[in-house]
Amino acid sequence: MSKTIKDQTVEQLGGSSSILVRQRREHEEMDRLMDQYLTLDDVHQRERVLKQVVQLVFSHAFAEETVLWPAVRASVPDGEELTARVEEEHQQINDLVADIERLPAGDPGREDKVQRAFALIRQDIRDEEDLLLPRLQDAMNTARLRGLGTTWAAVRQTAPTHPHPVIPRRPPGNALLGIPLSVYDRVRDALGVGRR
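Rendered as structure tokens:
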């Protein structure tokens with residue numbers, strides 16, 4: 371089995387358009403934003419960064435669930451088991467962030483949920499980069515990794531940007547509901563609706 375994708379070069383991962391490079395790049399951005407949130411004292415700045423984390427995490431996860439996980443299930447011998455584990459982490463993150471969005475900034479329970487969500491996001495990143503994606507790397511050639519990366523990126527650009535706990539984690543349910551939810555989320559983001 372290939373080693374974690376965290377320590378490999380862009381070339382080893384199949385080039386800049388490979389799904390593996392795209393995943394790692396966004397995981398690094400998630401880590402950077404979560405670290406930034408933790409260093410800020412200003413409530414308004416923290417809320418702005420938290421919004422960025424949420425939008426990135428949910429559009430990223432939606433693209434994974436719609437494009438990447440079906441490819442893993444089809445290509446990796448124990449892909450069903452691996453993706454089920456990650457889907458459970460996604461659902462837990464979804465539920466926590468839905469709770470966070472209902473609570474006002476400064477609420478002590480809210481900050482606890484943010485910390486728990488960040489810990490789950492970091493665990494999800496490790497599970498994907500250390501366990502799941504190396505298995506996909508072993509199962510697919512570079513051309514397929516690049517094609518999957520291109521499809522994933524297209525879906526990611528039009529994915530929902532907020533939690534929707536009752537939406538299925540797998541296609542076709544998530545894909546069918548994703549379009550109207552994406553429009554709703556992006557209008558909400560543009561108008562600043564739901565910001566605390």
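Residue numbers (the working numbering): 371 to 566. The beta-carbon is built from N, C-alpha and C at its ideal position, and this holds for glycine as well.
By the C-beta criterion, the stretch 379 to 389 is judged not to be in contact with the stretch 408 to 418, since fewer than 3 inter-stretch pairs fall below 8 Å. DSSP, read as helix, strand or coil, puts L420 in helix.
The DSSP assignment places 503 to 509 and 512 to 527 as complete runs of the alpha helix (DSSP H) inside the stretch 479 to 540, in order along the chain (cut-off: 4 residues). Judged by pairs of C-beta atoms under 8 Å, the stretch 490 to 500 touches the stretch 446 to 459, as three or more such pairs exist.
Shown here, P474 sits in coil according to DSSP, grouped into three states, outside any helix or strand. Taken through DSSP and simplified to helix, strand or coil, E396 comes out as helix. The alpha carbon of T374 has as its nearest neighbour, out of D508, W439, A529 and S429, the alpha carbon of D508. The beta carbons of R526 and A444 sit about 20 Å from each other, so the pair does not count as a contact at 8 Å.
Its chain contains L466, D469 and I470 as the residues whose beta carbon lies nearer than 7 Å to that of K483, once the 5 sequence neighbours on both sides are disregarded; these appear in chain order. Relative to the Cα of F428, the nearest Cα in the group G562, H532 and D559 belongs to H532.
In this structure, the straight-line span from the alpha carbon of Q378 to that of L503 is close to 12 Å.
In the three-state scheme derived from DSSP, where H, G and I count as helix and E and B as strand, E381 is classed as coil. M400 places its beta carbon 7 Å or farther from that of L438.
Contact check for R514 against V446 fails: the beta carbons are separated by 7 Å or more. Ranked by Cα distance from T521, the first of P478, G562 and E435 is E435. Taking G517 as reference, the option from G384, S372 and Q406 with the minimal CA-CA separation is G384. Between R480 and L490, the C-beta spacing is not below 7 Å.
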